[in-house]
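Heads up, the thing below is written out as structure tokens.
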Amino acid sequence: MSNLPEFQSRLASRHRWGRIFEAFCLSATLFGLIMLAILMISIVWKSWGWLDGSFFTNFDSRKPEEAGVKAALWGSLWLLLLTAIFTIPIGIGAAVYLEEYAKKNRLTSFIQLNLANLAGVPSIVYGILGLSVFVRMFGAFPLEEKKVLELSLWFTTLEIPLPFGPTIISGALTLSLLILPVVIIAAQESLRSVPPSLRHAALALGATEWQTIRSQVLPASVPGIATGVILALSRAMGETAPLLMIGAVSFIATTPGGIESFGDIIRNPGSLLEVPFSRFTCLPMKVYDWISFAKPAFQHVAAAGIIVLMGALLLMNATAVFIRQRFRGSIQW
Amino acid sequence: MLLETILGARPEAETIRRESALTTDAVPNPSKARRSLVRRRTWLRSKEQLIRLSLFGCALISIVTTLGILYVLFTNAVYSFGRESAFFQEVSLREFLTETRWTPQFAEKHFGILPLLLGTLKVTGIAALIGLPVGLAGAIYLSEYASSRLRNIVKPTLEILAGIPTVVYGYFALVFVTPYVLRPLFQGLLGWDVDLFNATSAGICVGIMIIPMVSSLSEDVLRSVPRGLREAGYALGGTKFDVSVKVVVPAALSGIVASFLLAISRAIGETMIVAIGAGFSTEMSLNPLKSAQTMTAYIVNVSSGDTPVGSIEYKSLYAVALTLFLFTLAMNIVSQMVLRRFREVYQ
């Protein structure tokens, strides 16, 4: 028992170290939150007084007071819509194949490994891919004599320029490739969480594989898939580097297809078909453009643009969280 | 196999009864008796096959994407099959790897990747110095110390941090970190020159960007360490600190290392923060308060400038992109190998 005082003091010091460590870990946890707060406050502070109604209705301008996000907002909207149209069916299809149909063989595990690696490829590399494949189409069509493929539909003619050039469709396809791995992985997880008994029951009742998937498995996994898709789309909406690579313009004074309100679509439905093949700018591109201006006033315009962008992203994230919460309670296995 | 039997016994009840009678009963004609139900081609079955095939096509797109990336980078950087020569057909690999000057835009052109690698290393190093310890400590706190209430507040907030577009972090680096943190600290107090564009501000912001990634991935592996291990630690007289640091963290080490590698690969590939915050100087300098160009920033620089397509400067973009791609790919593969090789399997 002669060691007891020594033991006591060592134990006390060990507990002291434990408390110091806990405080360190707590401050590390709070560091992220504090940084988020500082970031938000500094941006709101910079944008103060610059974000008003005309900011949404004005096109961009060389005068900081008159600059607005109209073209960028519509560009981002169409870009997002087209990206969703490309991504959702392909992403879910691939996930369904990998989870429901694929046998455990080499090809399947290779696809799986490849997905994990693709998810880690820097976005700018996707930009280079999009530039070569969609914007230039490997130089198969000479730039001097632009080729236009014309498809006549009953109410209008669809004009497809070849190669696509730096248009919305190129941007959307590039962004789709970028977020597909993320969407597929999220959808796979969601499908995996559907209990096998559900499938067995459907199959036992005589449903085919596809009938089982379409009417049982997919509806049961919709919340998880929707959350994953929305989060991936919000990532696509904030991406700048790939769009910069494919050559999205930073200054443009028209909205895609000339559509400025939903009334325009009804009045001239043909303009809808021009949208994918028009040049565009989008919110993050516009913000980057404003940041790189030398005039200090544009820093405030950039901050206002960031607020609009973050507002849109927050809306999407909130939707994802809402879907997750809403369906968490309602499905019980 | 069960599935196929079930699938076979599907369509019109009439046929099924007749067919099954054929297959199950002892029928005199043996060739008829062997007729399989599964083999019969019906409209429904063809549709199933078609759907299966098209879904397989969706899954193949990921492989096509990888092949596309490899093809584009290879044909422009290493060996061209077309008329125009590729980058490495004009510049030797030796110069690319050993030359210490990167001056594609000057009259006297030098293509040595080292300054860009150094720039990337500086930014990534600073980011790792901030992001990795903070992320890991946060993960330990969330998994070992935090109440579930705190965790439910902190985790979604960190998700917001992860969802912030990188162009916003770049703005933060340029407009906030450099003028309000670095300049007063280093220039005001210590008298060192701080460039408006510098590697430190970009590195700090990249570090903040990777915190959520490190902490959420690490927290997952820390939490998957079984309770029994912790209880054994306490039973041996360990304090909470002993158990967390000497039992739980080593048990989850492979996952933590994998999350570190993924985060570093993210930092290497990060583009907008460095393009905005770190500047475009290609001087070989270790000073982190000076402007530094990373590989990604160079790619942005060339593509947003008016470099003529087909010129050697333009092709250098692909060589840099290939280097970047190989680096991040290597990090990702190593991280997966670490996960698989060193994973402790608990029942």
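Chains as they are written, first to last, in my numbering: chain C, 1 to 333; chain D, 1001 to 1347. The beta carbon of each residue, even a glycine, is placed where N, CA and C say it ideally should be.
Stretch pair the region 1207 to 1215 of chain D + the region 1132 to 1149 of chain D: three plus CB contacts closer than 8 Å: yes
Test: ALA1202(D) CB closer than 8 Å to a CB of chain C: For this step, residue 1202(D) is matched to residue 202 along the second sequence. Chain C, which has no Cβ nearer than 8 Å to the Cβ of ALA1202(D), makes this no.
Proximity below 8 Å, CB of MET316(C) to CB of GLY130(C): Residue 316(C) sits at position 316 when you count from the first residue of the first sequence. Residue 130(C) sits at position 130 when you count from the first residue of the first sequence. Not closer than 8 Å, so no.
Selection from ALA1263(D), ILE1164(D), VAL1245(D) and GLU1313(D) that minimises the alpha carbon distance to THR1124(D): Taking the first residue of the second sequence as 1, we reach residue 1124(D) at position 124. Taking only the C-alpha atoms, the option nearest THR1124(D) is ALA1263(D).
Boundaries (first-last residue) of the beta strand (DSSP E) holding ILE160(C): Position 160 of the first sequence holds residue 160(C). ILE160(C) -> beta strand (DSSP E) spans 157 to 162.
Residue interval of the beta strand (DSSP E) (run including LEU82(C)): Here residue 82(C) is taken as the residue at index 82 of the first sequence, counted from 1. Unbroken run through LEU82(C) is the alpha helix (DSSP H), 70 to 96; no beta strand (DSSP E).
Contact with chain C by LEU1253(D), beta-carbon distance below 8 Å: Here residue 1253(D) corresponds to residue number 253 of the second sequence, with the count starting at 1. No, its Cβ sits nowhere closer than 8 Å to a Cβ of chain C.
ASN1198(D) classed as buried or exposed, judged by whether at least 16 other C-beta atoms fall within 10 angstroms: Position 198 of the second sequence, counted from the start, is the residue given in the question as residue 1198(D). When all chains shown are included, ASN1198(D) counts as buried.
Residue from ALA320(C), ILE266(C) and ILE259(C) with nearest C-alpha to LEU334(C): Coverage of chain C is limited to positions 1 through 333, which leaves residue 334(C) absent and any answer about it impossible.
Chain-ordered neighbours of PRO1308(D) on chain C, where CB pairs are closer than 9 Å: Sequence index remark: in the second sequence, residue 1308(D) carries index 308 (1-based). Correct list: empty, because the minimum Cβ distance to chain C is about 12 Å.
Chain C within 8 Å of LYS1240(D), Cβ atoms only: Sequence index remark: in the second sequence, residue 1240(D) carries index 240 (1-based). LYS1240(D) counts as touching chain C.
Whether ALA1202(D) touches ALA1278(D) by CB criterion (8 Å): Within the second sequence, residue 1202(D) is the residue found at index 202, counting from 1. Within the second sequence, residue 1278(D) is the residue found at index 278, counting from 1. In contact: ALA1202(D) and ALA1278(D) (Cβ atoms closer than 8 Å).
Nearest to ASN117(C) (by Cα), restricted to the options PHE1342(D), SER1335(D) and ILE1126(D): The count along the first sequence starts at 1 and reaches residue 117(C) at position 117. Checked all of PHE1342(D), SER1335(D) and ILE1126(D); the closest Cα to ASN117(C) is SER1335(D).
Check whether LEU98(C) and THR108(C) have beta carbons under 8 Å apart: Numbered from its first residue, the first sequence carries residue 98(C) at position 98. Numbered from its first residue, the first sequence carries residue 108(C) at position 108. Against a cut-off of 8 Å, the Cβ pair of THR108(C) and LEU98(C) comes out as a contact.
Per-residue DSSP class, three states only, for VAL148(C): In the first sequence, the residue the question calls residue 148(C) occupies position 148. VAL148(C): strand per DSSP, three-state reduction.
Contacts of TRP78(C) in chain D (Cβ-Cβ under 8 Å): The residue given as residue 78(C) occupies position 78 in the first sequence. Those do not exist, as TRP78(C) stays about 18 Å from chain D at its closest Cβ, beyond 8 Å.
Cα-Cα separation, TYR1169(D) to PRO242(C): Here residue 1169(D) corresponds to residue number 169 of the second sequence, with the count starting at 1. Here residue 242(C) corresponds to residue number 242 of the first sequence, with the count starting at 1. In a straight line, the C-alpha of TYR1169(D) is about 17 Å away from that of PRO242(C).
Cut-off 6 Å between Cβ atoms - residues of its own chain near ALA64(C), not counting five sequence neighbours on either side: If you number the first sequence from 1, residue 64(C) lands on position 64. Note that residue 64(C) is Pro in the sequence shown here, rather than Ala. Excluding sequence neighbours, PRO64(C) sits near ALA297, PHE298 and VAL301.
Three-state secondary structure (DSSP) of TRP50(C): Along the first sequence, read from residue 1 onward, the residue named residue 50(C) stands at position 50. Coil.
Whether LYS46(C) touches ALA303(C) by CB criterion (8 Å): Residue numbering aside, residue 46(C) sits at position 46 when the first sequence is read from its first letter. Residue numbering aside, residue 303(C) sits at position 303 when the first sequence is read from its first letter. The answer is yes: Cβ separation under 8 Å.
Per-residue contacts from ILE1140(D) into chain C (C-beta, under 7 Å): As a working note, residue 1140(D) is residue 140 in the second sequence. Within 7 Å Cβ-Cβ: CYS25.
MET1295(D) versus LEU1117(D) - alpha carbon distance: Walking along the second sequence from the start, residue 1295(D) turns up at place 295. Walking along the second sequence from the start, residue 1117(D) turns up at place 117. Cα-Cα distance, rounded: 7 Å.
Beta-bridge partners of PHE1111(D), as assigned by DSSP: Your numbering for residue 1111(D) matches position 111 in the second sequence. Paired residues: TRP1102(D).
Stretch-stretch touch, CB-based, cutoff 8 Å, three pairs: the region 170 to 186 of chain C with the region 225 to 233 of chain C: yes
Nearest candidate by alpha-carbon position, reference THR345(C), set ILE168(C), THR254(C) and LEU158(C): The structure shown does not extend to residue 345(C), since chain C spans only 1 to 333, so no value can be given for it.
CA-to-CA distance, GLN112(C) to SER176(C), given in whole angstroms: Sequence index remark: in the first sequence, residue 176(C) carries index 176 (1-based). Sequence index remark: in the first sequence, residue 112(C) carries index 112 (1-based). SER176(C) and GLN112(C): Cα-Cα distance of roughly 18 Å.
Neighbour flag for SER1062(D) against chain C, beta carbons, 8 Å: As a working mapping, residue 1062(D) is identified with position 62 in the second sequence. Closer than 8 Å: yes.
Residue closest to SER132(C), alpha-carbon to alpha-carbon, out of LEU1142(D), MET1337(D), LEU1317(D) and ALA1330(D): For the purposes of this step, residue 132(C) is identified with residue 132 of the first sequence, where counting begins at 1. Nearest C-alpha to SER132(C): LEU1317(D).
Three-pair Cβ contact test at 8 Å for the region 53 to 63 of chain C versus the region 1180 to 1200 of chain D: no
Neighbour flag for LYS46(C) against chain E, beta carbons, 8 Å: Included in the structure are the protein chains C and D, with no chain E among them.
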